[in-house]
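In our numbering, the protein residues as written are 356 to 538.
The structure appears right after this line, and notes come after that.
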Ligand code: B4P
């Protein structure tokens, strides 16, 4: 199975849910920029306070902050592979990631796009109820996804790396579909 992976998809598509399962079963390092940012917020650091306000509005945290978090966690990792969940989220982040991965000689070998319709996304996120999971903020996050993250679909598809998976239905069924496209 491919071992250096990205998960792309709209908020609520299940990136975090599926990434956790796949990383456990295949001993991959799971790097979720959303989780790492929430840890930064919980620590009460100055950077965390800045990130909290941005996340509560449903916007993207600065590329600089996210990139330094990813770099710190990827360099020195000695697991068999890694899965970046929710990163990159725009073309600037994708290009910076390429520079980093070229430096450490660990190219991406697969990108999984989880696809789900807006109404299902909204229902899932309202059901979870995190601070940024109210309807107004969810709609803003979907807008940010369309404007900034969707261009990455062509970016990775042009490199022959993209595999799409329909992310509706049972969690275990989706996990099987993901394993199939990565085998
Ligand atoms: P993230 O933490 O990445 O969260 P997400 O995209 O909203 O959720 P995800 O797709 O992982 O959904 P999940 O599995 O949890 O981002 C939050 C914020 O952090 C962003 O808005 C941004 O501000 C900031 N951020 C993160 N990365 C950034 C970056 N690179 N640059 C800048 N800013 C960044 O699933 C959602 C719910 O659905 C859960 O309740 C789950 O249980 C449920 N679910 C999952 N699969 C299901 C299924 N098959 N059926 C039914 N329910 C399901």
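Backbone N, C-alpha and C define an ideal beta-carbon position, used for all residues, glycine too.
Boundaries (first-last residue) of the alpha helix (DSSP H) holding residue i
{"i": "residue 440", "result": "Residue 440 -> not in any alpha helix (DSSP H); beta strand (DSSP E) instead, spanning 436-440."}
{"i": "residue 371", "result": "370-381"}
{"i": "residue 423", "result": "418-429"}
{"i": "residue 482", "result": "473-483"}
{"i": "residue 504", "result": "Element bounds for residue 504: n/a, residue is neither H nor E."}
{"i": "residue 514", "result": "That residue, residue 514, is in no alpha helix (DSSP H); it is neither H nor E in DSSP."}
Cβ-Cβ distance between residue i and residue j below 8 angstroms
{"i": "residue 429", "j": "residue 378", "result": "no"}
{"i": "residue 389", "j": "residue 522", "result": "no"}
{"i": "residue 359", "j": "residue 441", "result": "no"}
{"i": "residue 361", "j": "residue 463", "result": "yes"}
{"i": "residue 418", "j": "residue 396", "result": "no"}
{"i": "residue 533", "j": "residue 373", "result": "yes"}
{"i": "residue 465", "j": "residue 537", "result": "yes"}
{"i": "residue 469", "j": "residue 369", "result": "yes"}
Residue from the options whose Cα sits closest to the Cα of residue i
{"i": "residue 445", "options": "433, 453, 395 and 507", "result": "507"}
{"i": "residue 478", "options": "491, 509 and 468", "result": "491"}
{"i": "residue 472", "options": "432, 520, 405 and 408", "result": "520"}
DSSP bridge partner residues for residue i (one or two, in chain order)
{"i": "residue 465", "result": "360"}
{"i": "residue 520", "result": "469"}
{"i": "residue 387", "result": "440"}
Within-8 angstroms CB hit, residue i to chain B
{"i": "residue 437", "result": "Protein chains in the displayed structure number just one, and chain B is not present."}
Is the number of C-beta pairs between the stretch 493-507 and the stretch 406-424 that are closer than 8 angstroms three or more? yes
If contact is defined by three or more beta carbon pairs under 8 angstroms, each pair taking one atom from either stretch, is the stretch 450-466 in contact with the stretch 418-427? yes
With three or more C-beta pairs closer than 8 angstroms as the rule, is the stretch 509-526 touching the stretch 393-403? The stretch 393-403 vs the stretch 509-526: no contact.
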